[in-house]
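Residue numbers (the numbering used here): 772 to 1023. C-beta: ideal position from N, C-alpha, C; glycine also. Worksheet: one structure, shown below.
Here's what the structure looks like:
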């Protein structure tokens, strides 16, 4: 992982940790006889500051899980230039760029219910909120947080967008090519599939699509050779983005 990415992740973790620990600490300091009231932080939603002692352990677990999810989301943004459409996409795309020898990530869930956190991106995917599915489990009315305000760093994120999505596109083509080779190795005559749909579901659980266009990859077979092409390489600022069993990668 690049040094710049590590610095970004550390900064996000510190910011999230400081905010959440401040909220938890303030609730823990409340005396049993204090009157009940609802506190509404300007940027973080509303909470109820009365927390029974038995719930402090749950709150600390929530702090760990929610912090990790937000680090993944913000890292995704700084790499992709947009926030993910959902938490499933977050997991899939981040794992797709990890080398095979590294442990895959999983998205933490709400410790109290085991359910996924409620993630809601904006239409332009430039902001989001993430909430706890059942805040009453923590003695609160609402636990919701917005995205980090990156300011001028949004320009950096936009510049890195095409590189990140291009990496995912290349990984998708690799997965398809690997599935094609497996298909041929299991076929008695060693022939490649006539169409990519022949790979599903035995060799591919589903057909990948280009992360920018959302279109299926193009496939062409010529004798003992084949081509897997990105449907619109210009969206990746390339003229050609494809893999051939004879020529290997062709990008320009």
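Taking the Cα positions, residue 862 is about 25 Å away from residue 1013. Within the same chain, 899 and 900 come within 7 Å of residue 891 by CB-CB distance, once the 5 residues on both sides are set aside. When the Cα atoms are used, residue 997 and residue 957 turn out to be separated by approximately 17 Å. Shortest Cα-Cα distance from residue 917 to any of 967, 840, 936 and 945 involves 840.
A straight line joining the alpha-carbon of residue 975 with that of residue 911 spans about 44 Å.
At a Cβ-Cβ threshold of 8 Å, residue 1000 and residue 908 do not count as neighbours. Taking residue 1016 as reference, the option from 945, 880 and 977 with the minimal CA-CA separation is 945. For residue 1022, there is no enclosing alpha helix (DSSP H); the residue is found in the beta strand (DSSP E) stretching over 1019 to 1022.
Here residue 979 is not near residue 1003, since their CB atoms are 8 Å or more apart.
Taking a contact as a CB-CB distance under 8 Å, the pair residue 1010 and residue 1018 does not count as one, their CB atoms being some 15 Å apart. Ranked by Cα distance from residue 1021, the first of 982, 941, 894 and 849 is 941. When rounded, the separation of the alpha-carbon atoms in residue 889 and residue 857 is 9 Å. Here the alpha carbons of residue 854 and residue 897 stand approximately 6 Å from one another. The beta carbons of residue 935 and residue 850 sit about 4 Å from each other, so the pair counts as a contact at 8 Å. A straight-line Cα-Cα distance of about 27 Å links residue 963 and residue 983. For a cut-off of 8 Å, the C-beta gap from residue 981 to residue 988 is around 7 Å, short enough to register as a contact. Between residue 970 and residue 939 a beta carbon distance of about 19 Å is seen, past the 8 Å cut, so the two are scored as non-contacting. Under DSSP, the beta-bridge partners assigned to residue 902 are 889 and 915.
Rounded to the nearest whole angstrom, the C-alpha separation of residue 886 and residue 904 is 7 Å.
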